[in-house]
Amino acid sequence: MSQSCDLPGMKVPRSRFPAPDNDLELPADAGEQRVVLGGGCFWCTEAVYLAVDGVTSVTSGYAGGAAETANYDDVCTGSTGHAEVIEIRYDPAKTSFGELLRIFFSVAHDPTQLNRQGNDRGTQYRSAVFYQTEAEKQVAEAYIRKLDAAGVYDAPVVTTLEPLDAFYPAEEYHQNFAARNPFQPYIMAAAAPKMEKLRDRFGDRLKPEYKDDSV
Numbered sequence: 414m415s416q417s418c419d420l421p422g423m424k425v426p427r428s429r430f431p432a433p434d435n436d437l438e439l440p441a442d443a444g445e446q447r448v449v450l451g452g453g454c455f456w457c458t459e460a461v462y463l464a465v466d467g468v469t470s471v472t473s474g475y476a477g478g479a480a481e482t483a484n485y486d487d488v489c490t491g492s493t494g495h496a497e498v499i500e501i502r503y504d505p506a507k508t509s510f511g512e513l514l515r516i517f518f519s520v521a522h523d524p525t526q527l528n529r530q531g532n533d534r535g536t537q538y539r540s541a542v543f544y545q546t547e548a549e550k551q552v553a554e555a556y557i558r559k560l561d562a563a564g565v566y567d568a569p570v571v572t573t574l575e576p577l578d579a580f581y582p583a584e585e586y587h588q589n590f591a592a593r594n595p596f597q598p599y600i601m602a603a604a605a606p607k608m609e610k611l612r613d614r615f616g617d618r619l620k621p622e623y624k625d626d627s628v
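Here our numbering is used: the first residue of the sequence shown is 414, the next is one more, and so on.
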């Protein structure tokens, strides 16, 4: 991992990032749901979503390529088709697909950077929503159009929408990496600023244990 995959504009208000117009309407008893997102280094995006109320688990992994290349060494070559992703499991009674998308586009990464995040470069760091249903695809497509039309960013959103064929968990040492290594230089340079923005923009949506900025 290289350093500096931070978003510009620390104090951009939450209101600048509107919620999707057509969020997925799931009944409260629908049971645990999941969404798979790629936003650069999975250490960073995992740290963000673990703090969100309603998220039950986050697993770092790979999507977009074949099973035999779903390992860190191969994915780092940028030639496997895989992206570094996170699988988010969530309770639809507490959060929604749309809210998770809003955080993805406003806090978790910069969706205007093509095949990179900061100094992390390659197709494995691409911005991607791996949709499981046509409804997810339609909501994400409409939200990207909305962000572009509103001029939220100075450049167009380049996030790809890709069907989720399979999700492959990453090696164990990648899981919960930021929490286990808070003073690792990359985490301090890249993940910590994202957590600051999360608290600034979505402080009311955090799990109680993450509202203290010492976490």
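For glycine and all other residues, C-beta sits at the position ideal for the given N, C-alpha and C.
With the rule of 3 Cβ pairs closer than 8 Å, the stretch 557-573 does not count as touching the stretch 593-608.
In the structure shown, L450 falls within a strand segment according to DSSP collapsed to helix, strand and coil. Here R447 has E500, I501, R502, Y503 and Q545 as same chain residues with Cβ atoms under 8 Å from its own Cβ, once five neighbours each way along the sequence are excluded. The Cβ-Cβ distance between Q526 and H495 does not fall below 8 Å. CA-CA distance, F455 to F580, rounds to 13 Å.
Taking the Cβ atoms as the reference, H522 lies roughly 6 Å from S540, within the contact range of under 8 Å. Exposed is the label assigned to F596, since fewer than 16 other Cβ atoms lie within 10 Å of its Cβ.
Comparing alpha-carbon positions, the option among Y485, A553 and A562 lying closest to P582 turns out to be Y485. For G474, there is no enclosing alpha helix (DSSP H); the residue is found in the beta strand (DSSP E) stretching over V468 to A476.
Its chain contains T493, G494 and H495 as the residues whose beta carbon lies nearer than 6 Å to that of G478, once the 5 sequence neighbours on both sides are disregarded; these appear in chain order.
Contact check for L574 and K550: beta-carbon distance about 5 Å, within the 8 Å limit, so the pair qualifies.
In the three-state reduction of the DSSP assignment, T546 falls in the coil class. Residue environment for E459: buried (at least 16 other C-beta atoms within 10 angstroms of its C-beta).
Taking C-beta separations shorter than 8 Å and ignoring five residues to either side along the sequence, the partners of H587 in its chain run F455, W456, S473 and Y485, following chain order.
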